[in-house]
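Line order of the protein sequences matches chains A and B.
Just so you know, we're using this note's numbering here: the first sequence kicks off at 1067 and counts up by one.
Just so you know, we're using this note's numbering here: the second sequence kicks off at 32 and counts up by one.
Heads up: the structure comes next, in structure tokens.
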Amino acid sequence: MSKDSVKLLNFWPSMFGLRVHYALDLKGVSYDYQEESLLNKSKELLEANPIYTKIPVLIHNGKPICESLVIVDYIDSVWPGSHKLLPEDPYEKAVARFWADFGDKKLYDAGNRLIRAMGEEHKKAGEDFKWALMKIDEALGTIAPGKPFFGGDAMNFADVGLAPFICWFKGYQKVGGFVLPGPEEWPNLHKWVDAVNSVDAIKKSTPSPDKVAEFAEVIRKRVLGAA
Amino acid sequence: MACHDQDVTLLSFWPSPFSMRVKLALLLKGIEHEDLSQDLGNKSKLLLESNPVHKKVPVLIHKGKPIAESAIIVHYIDEVWPGTSPLLPQDAFLRAQHRFWTDFFEKKISDSLDRFIRSNGAAVNEEFIQDCLLLEGALAELGDEEEGPFFGGASMSFLDVMLAPSAVWIPALEQVMGLKPASQEQCPRLHKLFGAVTEHPSAKVALPQIEKLKEFTQARLVRK
């Protein structure tokens, strides 16, 4: 039986790349890792993702797949036996997809503005970011009451879609100049964060929040300097 | 054969391309449904309760459970009613390509069209034609010209459904606001695809007539 060749092209702070790490690590798939410098992109990256020239890219048996949630969906299809990420039930599947997508549409969007926006827009970004986390806290209570994850006892597609933002919380708070509400206000969210952080597969690839915060502050300084 | 499944309701807004996608998927699969047109300026209690997070159309309500986000809804429809007119390809890599190009369309082309409309036609985006050329390339790679004009060959597939609303929106914007789309010489396959969409019996019902869209667009221009 021939061995699959699986390679991830990524840049260490990327929460999108982290989604792919999480999916592969939860499933116990072996893969090669290539760190990319965004200022000096490898020929391999440019050829694998000519449309966006962005990470992450998964190269499976020579074929590239791009866009993190597309990649995670693909990984779940190709390696269905171990740690299934998408539920069997079509409605539960749609709910899981919705919350992973929420990560892109609301959480990433607000976080990005926290790093790059100025003045009133920057203030609004902080409010939007907190709103998004509040919605996640509510959703956890509705979808999986009393359970640690969106997927119940184990992480599913929604958890993988959202969990990579956890290591960015420190960084976002620093550049946003606010402190996130604690477990009294967001009990489900904080339980979820603790549960995610205790999963061995997650610990494997998650960068240190301090390093990520440092990185976030560097970009913020650059943005402010250019203003 | 029509599938009569009780309790299928679509919360729609006829000019919305996202709404059109879902309508098209339902019609392709012959799923009987109730179509509740929404007033987006005065959102109904049903809409706000069904999509409390985004408060947007389309929403599909099936057996009392709401599903939001057009791509997610069409995935759902394909999974619940797989027998008729299957939309997502069987092959995982090909499925990834359909999802990737749907996402590309939304990030790039849909976004360009949105900015064009919001700027009253002032925002000239050279990227728009470049992006159409990339989509043309995708169609050359993923389609089968011998089989048919669609990404799915002779029949419409997931990506065709996602792109279909452009078959009416792009001409409407061209004729009312002077949008310069890619020419037939530049994108022959895409032109063929959109032509086939407008001739498709399900699309003829799901998509509004270009004249109606033109009136809608004109009215919004005047209001500004």
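Heads up, the beta-carbon is just placed ideally off N, CA and C, and yes, glycines get one too.
Go to residue i, then tell me how far its beta strand (DSSP E) extends in each direction, as first and last residue.
{"i": "A/V1123", "result": "V1123 to H1126"}
{"i": "B/G68", "result": "It is worth fixing the name first, because residue 68 of chain B is Ser in this sequence and not Gly. Its beta strand (DSSP E) spans residues E65 to S68."}
{"i": "B/S43", "result": "V39 to S43"}
{"i": "A/N1076", "result": "V1072 to N1076"}
At what residues does the alpha helix (DSSP H) containing residue i begin and finish?
{"i": "A/D1098", "result": "Element bounds for A/D1098: not the alpha helix (DSSP H) but the beta strand (DSSP E), D1098 to E1101."}
{"i": "A/N1263", "result": "P1253 to N1263"}
{"i": "B/L210", "result": "Looking at the DSSP string, B/L210 is not in any alpha helix (DSSP H), and its letter there is neither H nor E."}
{"i": "A/K1240", "result": "F1235 to G1242"}
{"i": "A/E1186", "result": "G1185 to I1209"}
{"i": "A/N1178", "result": "D1175 to R1182"}
{"i": "B/H85", "result": "Neither: B/H85 is in no alpha helix (DSSP H) and is coded neither H nor E."}
{"i": "A/A1160", "result": "P1156 to F1168"}
{"i": "B/L221", "result": "P219 to E230"}
{"i": "B/V192", "result": "F189 to L194"}
{"i": "B/E177", "result": "From DSSP, B/E177 is part of no alpha helix (DSSP H); its letter is neither H nor E."}
{"i": "A/V1333", "result": "Because residue 1333 of chain A is not part of the residues shown, which for chain A are 1067 to 1293, the question remains open."}
{"i": "A/A1089", "result": "M1081 to L1092"}
{"i": "A/A1224", "result": "F1223 to L1228"}
{"i": "B/T248", "result": "I241 to R254"}
{"i": "B/L261", "result": "Outside the modelled stretch of chain B, which goes from 32 to 255, sits residue 261 of chain B, for which no answer is possible."}
{"i": "A/S1271", "result": "D1266 to S1271"}
Along chain A, in chain order, which residues have C-beta atoms closer than 7 Å to that of residue i?
{"i": "B/E100", "result": "F1164 and D1167"}
{"i": "B/K96", "result": "Y1157"}
Closer than 8 Å by beta-carbon distance: list the chain A residues that pair up with residue i, in chain order.
{"i": "B/A234", "result": "What B/A234 touches in chain A: nothing, since even the nearest Cβ is about 24 Å away."}
{"i": "B/G110", "result": "With the sequence shown as reference, residue 110 of chain B is identified as Glu, and Gly is not the correct amino acid for it. Within 8 Å Cβ-Cβ: P1156 and K1159."}
{"i": "B/I103", "result": "A1160, R1163, F1164 and D1167"}
Strictly below 7 Å CB to CB, what residues from chain E border residue i?
{"i": "A/K1201", "result": "Among the protein chains of the structure shown, namely A and B, there is no chain E."}
So residue i contacts chain B; which residues on that side make the cut at Cβ distance below 7 Å?
{"i": "A/I1117", "result": "F135 and L165"}
Using a cut-off of 8 Å between C-beta atoms, extract the partners of residue i located in chain B.
{"i": "A/K1129", "result": "F124"}
Please list, in chain order, the chain A residues whose beta carbon lies closer than 9 Å to that of residue i.
{"i": "B/H64", "result": "Result: empty, since nearest Cβ-Cβ is about 16 Å, beyond 9 Å."}
Check distances from the C-beta atoms of the stretch 127–141 of chain B to those of chain A and list, in chain order, the residues that come in under 8 Å. A127, R130, F131, D134 and F135
Write down every uninterrupted run of the beta strand (DSSP E) in the stretch 89–168 of chain B whose length is 3 residues or greater and which is fully enclosed by it, in chain order. 90–93 and 96–99
Within the chosen definition, does the stretch 48–64 of chain B reach the stretch 224–236 of chain B through at least 3 CB pairs nearer than 8 Å? yes
What residue ranges within the stretch 1108–1154 of chain A form continuous beta strand (DSSP E) runs of no fewer than 3 residues, ordered along the chain? 1123–1126 and 1129–1132
Take every Cβ of the stretch 1161–1178 of chain A, pair it with every Cβ of the stretch 116–123 of chain B, and state whether three or more of those distances are shorter than 8 Å. no
Are the stretch 1256–1274 of chain A and the stretch 99–109 of chain B touching by the rule of at least three beta carbon pairs closer than 8 Å? no
Chain B contacts made by the stretch 1132–1152 of chain A, where a contact means CB separation under 7 Å: C1132, E1133, V1136, D1139, Y1140, S1143 and V1144
Select from the stretch 159–179 of chain B all residues with a C-beta closer than 7 Å to any C-beta belonging to chain A, and list them in chain order. L165
Cβ contact check for the stretch 1132–1151 of chain A and the stretch 1086–1095 of chain A: 3 or more pairs under 8 Å: yes
Would you check if there are 3 or more beta carbon pairs closer than 8 Å linking the stretch 1155–1163 of chain A to the stretch 1222–1232 of chain A? yes
Does the pairing of the stretch 1125–1142 of chain A with the stretch 70–83 of chain B give three or more beta-carbon distances under 8 Å? no
Is the stretch 57–77 of chain B touching the stretch 123–134 of chain B in the sense that three or more CB pairs, one from each, lie closer than 8 Å? no
Are the stretch 134–149 of chain B and the stretch 82–99 of chain B touching, with three or more C-beta to C-beta distances below 8 Å? no
Per the contact definition of three or more C-beta pairs closer than 8 Å, is the stretch 1077–1085 of chain A in contact with the stretch 1120–1135 of chain A? yes
Could you run through the stretch 208–236 of chain B and flag, in chain order, every residue whose CB is less than 7 Å away from some CB of chain A? none
Quick check: the stretch 1196–1215 of chain A against the stretch 1231–1250 of chain A, are at least 3 beta-carbon pairs closer than 8 Å? yes
Hey, is the stretch 155–166 of chain B in contact with the stretch 208–228 of chain B, meaning 3+ C-beta pairs nearer than 8 Å? yes
Closer than 8 Å is the cut-off here; do at least three beta carbon pairs connect the stretch 41–50 of chain B with the stretch 185–192 of chain B? no
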